[in-house]
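Colleague:
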Amino acid sequence: MKGTHLGEFEELVLLTVGILDGNAYGITVMDEIEAHTGRRVSVSTIHATLNRLLDKGFVESYAGPATPVRGGRSKRLYRMNLSGHRALEKVRLQREKMWNLMPKSAF
1 MKGTHLGEFE
11 ELVLLTVGIL
21 DGNAYGITVM
31 DEIEAHTGRR
41 VSVSTIHATL
51 NRLLDKGFVE
61 SYAGPATPVR
71 GGRSKRLYRM
81 NLSGHRALEK
91 VRLQREKMWN
101 LMPKSAF
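Laid out in structure tokens, this is it:
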């Protein structure tokens with residue numbers, strides 16, 4: 001397993017995979033990120049990030065059912081595992097700690 005540090009975009013993709021709860025694949029992740037952040041990203045960027053998250057052990061992938069729309073081919077689906085959930089929780093706690101240190105005068 002590679003390092004466990006989550007980059008900002010990896011965090012966003014991992015959160016999205018968690019939100020999609022077992023129904024995440026490249027296009028759905030891309031669409032959700034755009035819908036909720038207004039950020040446009042390519043599906044190839046999503047796939048590269050999903051592969052990094054796989055390498056880090058934060059997500060699992062599996063073949064979904066074959067669909068006629070895809071010519072009988074199955075989709076590669078992703079779901080967050082316990083390590084991914086722990087990594088997100090760690091990032092969330094770190095961010096909250098830093099935000100709590102922000103002086104009120106900074107606003």
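Quick note: the sequence shown uses the numbering used here, first residue 1, plus one each step. Ideal Cβ positions, reconstructed from N, Cα and C, are used throughout, including at glycine.
1. Tell me whether residue 33 is buried or exposed, calling it buried when 16 or more other Cβ atoms sit within 10 Å of its Cβ.
2. Return the chain-ordered list of same chain residues with a C-beta closer than 7 Å to the C-beta of residue 73, the five sequence neighbours on each side being excluded.
3. In three-state terms, what does DSSP make of residue 61?
4. Going by DSSP, name the residue or residues bridged to residue 187.
5. Which value, in whole angstroms, describes the spacing of the CA atoms of residue 43 and residue 60?
6. Nearest-angstrom Cα distance between residue 78 and residue 16?
7. Mind checking residue 98: buried by the 16 CB within 10 Å criterion, or exposed?
8. Does DSSP put residue 44 in a helix, in a strand, or in coil?
Modeller: To lay it out plainly:
1. buried
2. 66
3. strand
4. What the structure shows of the chain is the stretch from 1 to 107, and residue 187 is not part of that stretch, so it cannot be assessed.
5. For residue 43 and residue 60, the gap between their C-alpha atoms comes out near 18 Å.
6. 10 Å
7. Here residue 98 is exposed. Its C-beta has fewer than 16 other C-beta atoms within 10 Å.
8. helix
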